[in-house]
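In our numbering, the protein residues as written are 1 to 258.
By construction, the Cβ of each residue, glycine as well, lies at the ideal position given by its N, Cα and C atoms.
To start, the structure itself, in structure tokens.
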């Protein structure tokens, strides 16, 4: 009896996994369908684990990325630099690019590229090139620089300004005054109108810096007004908008529907 129950349980799992074998993924040309095939005998992965392994095998989901590929995929020929946040957003935005498992993959790639001299980074006011950088230093506002720019900036930092040829010796430079400590503000309150398609910039340039300062950010109150000439589907409102608000723990204070 016990063996029959065990066989029945195994049969149910196999049938379920066999049914959920297709993955729909956004692509440059629309939606691409990927077939994972029938699970092999003895395989006992969860559906999530099976999807992750399959995407990894197909090199659609990456746990590692070569620094050279990072430059080729995210920099245009005339772009000298890009911020960490911009590069991460590029991988999230464009479906023709491979998916990265998490931000750590991107951080590790940049760290490797800096160590190997494929590119450099600016962290604060320092140029880091051909040296070790820690993952903790990889924040949203770190700038990734092309190799030639990083080399030039690093050289200028080491050598200082080049004296003019010939002529009398130049007097020693005046000592650099220490930079004054920025004034501390206890509280800030802003009211702003932000285009809906700039919310990622708002997160990157406003909330992330405040979070890094250790600020406690009050819950946001968002006012949404949307109107469509052909109408908005009731399913969109009920199954997507309201469901999303519920999942993120949002409290709807006021709602009007016409």
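Buried or exposed (CB count within 10 angstroms, at least 16 for buried), residue i
i, result
"residue 239", "exposed"
"residue 12", "exposed"
"residue 111", "buried"
"residue 244", "exposed"
"residue 105", "buried"
"residue 32", "exposed"
"residue 67", "buried"
"residue 47", "exposed"
"residue 230", "exposed"
Contact check, residue i vs residue j, beta carbons under 8 Å
i, j, result
"residue 99", "residue 62", "yes"
"residue 83", "residue 143", "yes"
"residue 26", "residue 80", "no"
"residue 153", "residue 123", "no"
"residue 90", "residue 74", "yes"
"residue 204", "residue 85", "yes"
"residue 34", "residue 23", "yes"
"residue 113", "residue 145", "no"
C-alpha gap between residue i and residue j, whole angstroms
i, j, result
"residue 224", "residue 250", "13 Å"
"residue 88", "residue 202", "15 Å"
"residue 234", "residue 45", "37 Å"
"residue 125", "residue 134", "16 Å"
"residue 107", "residue 183", "31 Å"
"residue 120", "residue 64", "19 Å"
"residue 258", "residue 246", "22 Å"
"residue 140", "residue 14", "43 Å"
"residue 76", "residue 118", "16 Å"
"residue 158", "residue 151", "11 Å"
"residue 131", "residue 138", "14 Å"
"residue 162", "residue 72", "Note that residue 162 scores 47 on pLDDT, short of 50, meaning its location in the model is unreliable; the coordinates nonetheless yield the value given after this. Looking at the two C-alpha atoms, the distance is approximately 34 Å."
Reference residue i; option with closest CA among the options
i, options, result
"residue 227", "219, 237, 188", "237"
"residue 20", "59, 189, 85, 50", "50"
"residue 254", "230, 222, 24", "222"
"residue 194", "206, 187, 115, 188", "206"
"residue 28", "39, 97, 146", "97"
"residue 189", "198, 57, 210", "210"
"residue 220", "147, 101, 241, 192", "192"
"residue 93", "129, 197, 48, 38", "197"
"residue 156", "137, 129, 138", "129"
"residue 136", "103, 116, 149", "103"
"residue 214", "187, 231, 230", "187"
Cβ of residue i within 8 Å of any chain C Cβ
i, result
"residue 97", "The structure shown contains no chain C; it is built from a single protein chain."
Q) Can you list the alpha helix (DSSP H) stretches of 4 or more residues lying completely in the stretch 22 to 86, in chain order? A) 47 to 57, 67 to 74
Q | beta strand (DSSP E) runs wholly inside the stretch 85 to 130, at least 3 long, in chain order | A | 119 to 123, 126 to 128
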